[in-house]
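Single-structure report; data block below.
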Amino acid sequence: MQSSLRGTSLRHHLLAAALLVALTAQCSVSTGQGEESSSDTISLVATNGQPFPWNKMRLPSSVSPLRYDLLIHPNLTTLDFTGSVRITVQVKEDTGFVVLHSKHLHISKAAVQQGRGGSSPLQVLEYPAYEQVALLSDTPLVTDRLYVISIDYVANLSESFHGFYKSTYRTREGEVRVLASTQFEPTAARLAFPCFDEPAFKANFSIKIRREAKHIALSNMPLVKSEALGGGLLEDHFDVSVKMSTYLVAFIVSDFVSVSKMSNNGVKISVYAVPDKIDQAHFALEAAAKLLDFYEDYFKIPYPLPKQDLAAIPDFQSGAMENWGLTTYRESALLFNPKTSSASEKLGITMIIAHELAHQWFGNLVTMEWWNDLWLNEGFAKFMEYVSVNITNPELQVEDYFLGQCFNAMEVDALSSSHPISTPVQNPAQIQEMFDDVSYEKGACILNMLRDFLTADAFKIGIIRYLRRYSYENTRNEDLWESLTNVCQSDDLDEGRLQGDGFCAGSQQLSATAKWYMHDELDVKTMMNTWTLQQGFPLISVSVRGREVRLSQERYLKGSDPTQSSQYLWHVPLTYITSNSNTVHRFLLKTKNDVLFLPEAVEWIKFNVGMNGYYIVHYEDEGWDALINLLQKNHMALSSNDRASLLNNAFQLVSIGKLPLDKALDLTLYLKNETEIMPVTQGLGELIPLYKLMEKRDMSDVENKMKGYIVQLFRELIDRQTWSDEGSVSQRMLRSYLLMFACVRGYQPCVDKAERLFQEWKESGGNLSLPSDVVLAVYSVGAQTPEGWDFLFEQYRQSLFSAVKSQIKAALTISRMPHKLLWIMEQSLQGDTLKMQDLPYVVVHVSKNPSGHKHAWEFLKTNWHTLVKKFDLGSHSIAHMVTGVTNQYSTREMLEEVRGFFEALDESGSQLRCVQQAVESIEENIRWMDKNLDKVKGWLQRNHL
176 MQSSLRGTSL RHHLLAAALL VALTAQCSVS TGQGEESSSD TISLVATNGQ
226 PFPWNKMRLP SSVSPLRYDL LIHPNLTTLD FTGSVRITVQ VKEDTGFVVL
276 HSKHLHISKA AVQQGRGGSS PLQVLEYPAY EQVALLSDTP LVTDRLYVIS
326 IDYVANLSES FHGFYKSTYR TREGEVRVLA STQFEPTAAR LAFPCFDEPA
376 FKANFSIKIR REAKHIALSN MPLVKSEALG GGLLEDHFDV SVKMSTYLVA
426 FIVSDFVSVS KMSNNGVKIS VYAVPDKIDQ AHFALEAAAK LLDFYEDYFK
476 IPYPLPKQDL AAIPDFQSGA MENWGLTTYR ESALLFNPKT SSASEKLGIT
526 MIIAHELAHQ WFGNLVTMEW WNDLWLNEGF AKFMEYVSVN ITNPELQVED
576 YFLGQCFNAM EVDALSSSHP ISTPVQNPAQ IQEMFDDVSY EKGACILNML
626 RDFLTADAFK IGIIRYLRRY SYENTRNEDL WESLTNVCQS DDLDEGRLQG
676 DGFCAGSQQL SATAKWYMHD ELDVKTMMNT WTLQQGFPLI SVSVRGREVR
726 LSQERYLKGS DPTQSSQYLW HVPLTYITSN SNTVHRFLLK TKNDVLFLPE
776 AVEWIKFNVG MNGYYIVHYE DEGWDALINL LQKNHMALSS NDRASLLNNA
826 FQLVSIGKLP LDKALDLTLY LKNETEIMPV TQGLGELIPL YKLMEKRDMS
876 DVENKMKGYI VQLFRELIDR QTWSDEGSVS QRMLRSYLLM FACVRGYQPC
926 VDKAERLFQE WKESGGNLSL PSDVVLAVYS VGAQTPEGWD FLFEQYRQSL
976 FSAVKSQIKA ALTISRMPHK LLWIMEQSLQ GDTLKMQDLP YVVVHVSKNP
1026 SGHKHAWEFL KTNWHTLVKK FDLGSHSIAH MVTGVTNQYS TREMLEEVRG
1076 FFEALDESGS QLRCVQQAVE SIEENIRWMD KNLDKVKGWL QRNHL
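Next comes the structure, spelled out in structure tokens:
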């Protein structure tokens, strides 16, 4: 699954800085517990007062499903549905009851049948706290026998974004139409049918759906036949699925239409959307075909289904979902209009499709055994986005942006409230919280680090082995590491094909690192356990004395208690270059301290080449001075990623007192000569939060001086930007970023140009075609007047294009008119003109606005229970709002207010991990301001600002 906030991270990374949003941490529910804490002696009571026969949140292993025969009949007028399911189960040990998941389903009948004998009724007991039902049999179910459990039930279509839920859209003529779609990951299949709703209970699914003739039905597998039932009803029969987990089941009843093509390998690919928007589906169709072919060739495992549908759902909480054979998306994550969609939107859509199609192998074919290892799904899919799109769409220059994912993850991972990549979870809220930056971005970053260290060829052989070895099965962390060990030894599943790349046969030509790896001197499992089983990441301190380089490691941790980091130790695959050698040198640091020797003394040394490693570096003694001097004199001596990582590392070191703020600000002076997107955006990403903290404290004097410094730093680069859509993807994204920043900051040449363009566009009734990469700047300037704001909102209401709506929505939240900001949040909550799925964006964007941050916090508090009901307690949407609204506060008064509000919530939010992150972030901001505010003032004064 792709989070809406993560899936469009490239697009919103631009918006974030342009909207002056400091990078917000994503968050998740603190668990603190491992295996089921219920004691066997605890008795549970069902809703009817009888004893409930099972007392654990995880299902018993005594019964396993083999096949589901599911019939669903939704009524899109009364907004409910009827269902019946026949589950063929195998009994693993004698039992008198079957426990499975069911939530908000009204079961009318349950029976069991063995062989050709008659069926016997089952008594149904419910225990809603665990979302379970127990089916009690009069006679024992016997080990190794097969039984068929039949259940009839009714339920309402969900009003949230999960389960089998209602979605609506408005046609071009203004008619509101209803459809029903599913979102089951992680624990919502139980809202649509009684099931064994845990990922290890894989089964085959045969699905039938009843519908009216004006609708179509879609599911994971192709349609086999449709039967007319009379009364205007049809029953669609879908082919039996491959063996899969319940969270991957999907079905849709709608009036969607589609465009289709065959992939080179013979898979039918279709994109479905509402009729008025199907002309925006062609880009996704071509991208999906190209990416599916790539993955089949790369993994050397055929895609196992005959079709792959991609459906754009009008109401969708996350960014996209990898349901096998029927991937679902937000409209903005799938639909593309070349005339109105920007370069960043083109990149974002391609990446999201790449993510979901990667899941067809990582997650669907091979699935984590339990949600504690979610990263095996999501970290791999995030990583494969970059691997695939780099090859299928080189013009998108996707490699430019990978290190930004690692910086995002480090923001969360630097706090004591972070968690290991592999973390025990038990209840649905805790499981939902696993869908965070640590599972996705950190997972991708440590995989990238491992690939860089092992070599791409060895890594590829290992993951192909992993996929083949565990196809249609479930895995744990260690299964991946075992597959990546001894990759050139024969394997029963290799079938000779893995040798075809020539990697193993040509080992005598390999690099020293690869040879070391091939000879199995590297223990992959031991090394990678240090990255997945403990939280946080290392800070490497480097001290150079002539040819001697002394290295030490410690946990990088923000906060007031340094003792928390003392017991941490990683196996860190270090890389470095020097003033004398551009060759990448490698060193595996496995101890707290170590020494390496250079062939000769050097002027400077730069570790973590290209930011391929998930660690940051502190250069002691004169180390930072040498690098600052290098960037001032010849910044092109280092790659753009190395320059961006120096900026990031310097300000991270300021936060923990390892580097004086003056040094970090001195480093930024070189940016007046910078032209590449990652160092520019990283520089802005480090400097903008400084004055955002001051905005919340009403320190206009120093705040304005800092803003003036940033504008002065980039003025020449801003002035060189054309108001067009010319150039490479990176150049276009940089232009959008810079012009947006300049206009919002009130840089007059930018404001004047944007005002002229907005006036022309307004006078044309919104019909004038503006360059898509500059419209956000134009709209944002136009939104500063009541007339302009109202005109923009009307254009939003009328537009059928997701890109236009996203750009206008962002601009509306930048207005300095508080009543407009309040109104747009209320409109998003109502979910009519503005979709409620967009509420988290709107609230967080308003919170970054100096005119809106108090209103956003009050809105979040006032509507907390409504938001939790709609979005789910542990969801990424809730987490994004909690951290996004609070993470720029830096006063003790706001710390107490935030802490007090959440502590009073008890079961409805006080234990959320994101709440802990929010509190920690405010505490960190307070410490930073106490220590560095005077230093900021002094530095600005010394630099005549």
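In our numbering, the protein residues as written are 176 to 1120. From the three backbone atoms N, C-alpha and C, an ideal C-beta is built for every residue, glycine too. The structure presented is a predicted model; accordingly, all values stated were derived computationally and were not measured.
{"Query": "Please list, in chain order, all residues of the same chain as A487 whose beta carbon is under 6 Å from its beta carbon, the five residues on each side excluded.", "Result": "A448, Y504, E506, L509 and L510"}
{"Query": "CB-CB under 7 Å to V532, same chain, minus the five flanking residues each way: which ones, in chain order?", "Result": "Reading the sequence as shown, one finds Leu at residue 532 and not Val. So the qualifying residues of the chain are A463, L466, L467 and Y470."}
{"Query": "Per the contact definition of three or more C-beta pairs closer than 8 Å, is the stretch 557-565 in contact with the stretch 594-606?", "Result": "no"}
{"Query": "Exposed or buried, F782, counting other C-beta atoms within 10 Å across all chains shown (16 or more means buried)?", "Result": "buried"}
{"Query": "Measuring only the C-alpha atoms, how far is S401 from Q483?", "Result": "20 Å"}
{"Query": "V424 by DSSP, collapsed to three states: which one?", "Result": "coil"}
{"Query": "May I ask which residues mark the beginning and end of the beta strand (DSSP E) holding E723?", "Result": "E723 to R730"}
{"Query": "If you follow the beta strand (DSSP E) that K452 is part of, which residue opens it and which one closes it?", "Result": "Premise fails: K452 is in no beta strand (DSSP E) and is neither H nor E."}
{"Query": "Can you check the stretch 456-544 for any beta strand (DSSP E) of at least 3 residues that lies completely inside it and give the ranges in chain order?", "Result": "482-488, 501-505 and 541-543"}
{"Query": "Between L726 and E497, what straight-line distance do the alpha-carbon atoms span, to the nearest angstrom?", "Result": "43 Å"}
{"Query": "Within 7 Å (strictly less), CB to CB, does H279 reach chain B?", "Result": "Among the chains of the structure shown, chain B does not appear; only one protein chain is present."}
{"Query": "Quick one: grab the DSSP three-state call for K1112.", "Result": "helix"}
{"Query": "Name, in chain order, the residues that DSSP records as bridge partners for M437.", "Result": "K443"}
{"Query": "Put D1047 into one of helix, strand or coil per three-state DSSP.", "Result": "coil"}
{"Query": "Taking the CB atoms as reference points, tell me whether E544 and R651 lie closer together than 7 Å.", "Result": "yes"}
{"Query": "Could you say which of K847, F826, Y845 and L862 lies nearest to A839 if we only look at CA atoms?", "Result": "F826"}
{"Query": "Just the Cα atoms here: how many angstroms apart are E574 and V770?", "Result": "32 Å"}
{"Query": "Excluding sequence positions up to five away, which residues of its chain have a Cβ less than 8 Å from the Cβ of S212?", "Result": "Low local confidence applies: a pLDDT of 42 at S212 is under 50, so the model's placement there is unreliable, and no value is given."}
{"Query": "Measure the C-alpha to C-alpha separation of K514 and L914 and round it to an integer number of angstroms.", "Result": "20 Å"}
{"Query": "Could you say which of G858, M853 and I831 lies nearest to M841 if we only look at CA atoms?", "Result": "Note on identity: in this sequence residue 841 is Asp, with Met being the wrong assignment. If we check each option's Cα against that of D841, G858 comes out closest."}
{"Query": "Just to confirm the assignment, what range does the alpha helix (DSSP H) spanning V919 have?", "Result": "V904 to V919"}
{"Query": "Taking Cβ to Cβ, would you say T362 is nearer than 7 Å to P603?", "Result": "yes"}
{"Query": "Which residue from N1107, L909, T1037 and A495 puts its Cα closest to that of S517?", "Result": "L909"}
{"Query": "Considering only the beta carbon of each residue, do N568 and E616 sit closer than 7 Å?", "Result": "no"}
{"Query": "Could you round the C-beta distance between Q1092 and V587 to whole angstroms and report it? I think they count as a contact, below 8 Å.", "Result": "7 Å"}
{"Query": "I'd like the list of long-range same chain contacts for S394, defined as Cβ closer than 6 Å, with 5 residues on each side in sequence excluded.", "Result": "I382, F413 and F426"}
{"Query": "Whole angstroms are fine: how far does the CA of F380 sit from the CA of L251?", "Result": "24 Å"}
{"Query": "Taking its Cβ as the centre, do 16 or more other Cβ atoms sit within 10 Å of K984, making it buried, or is it exposed?", "Result": "buried"}
{"Query": "Among the candidates D327, M232, Q607 and E350, whose CA atom is the shortest distance from the CA of H1055?", "Result": "Q607"}
{"Query": "Can you look up S830 in the DSSP assignment and give me helix, strand or coil?", "Result": "helix"}
{"Query": "With the cut-off set at 7 Å, would you say S905 and Q572 are in Cβ contact?", "Result": "yes"}
{"Query": "Quick one: grab the DSSP three-state call for S591.", "Result": "coil"}
{"Query": "Please give me, in chain order, every unbroken run of the alpha helix (DSSP H) with length at least 4 that falls completely inside the stretch 943-1019.", "Result": "950-957, 961-973, 977-987 and 993-1005"}
{"Query": "Does the beta-carbon distance from L407 to A378 come in below 7 Å?", "Result": "Note that residue 407 corresponds to Gly in the displayed sequence, not to Leu. Not a contact, by the Cβ cut-off of 7 Å."}
{"Query": "Beta strand (DSSP E) containing R261: first to last residue?", "Result": "D255 to V266"}
{"Query": "In this structure, how does DSSP classify F876 when only helix, strand and coil are distinguished?", "Result": "Per the sequence shown, residue 876 should be read as Asp rather than Phe. Of the three classes helix, strand and coil, the one that applies to D876 here is helix, per DSSP."}
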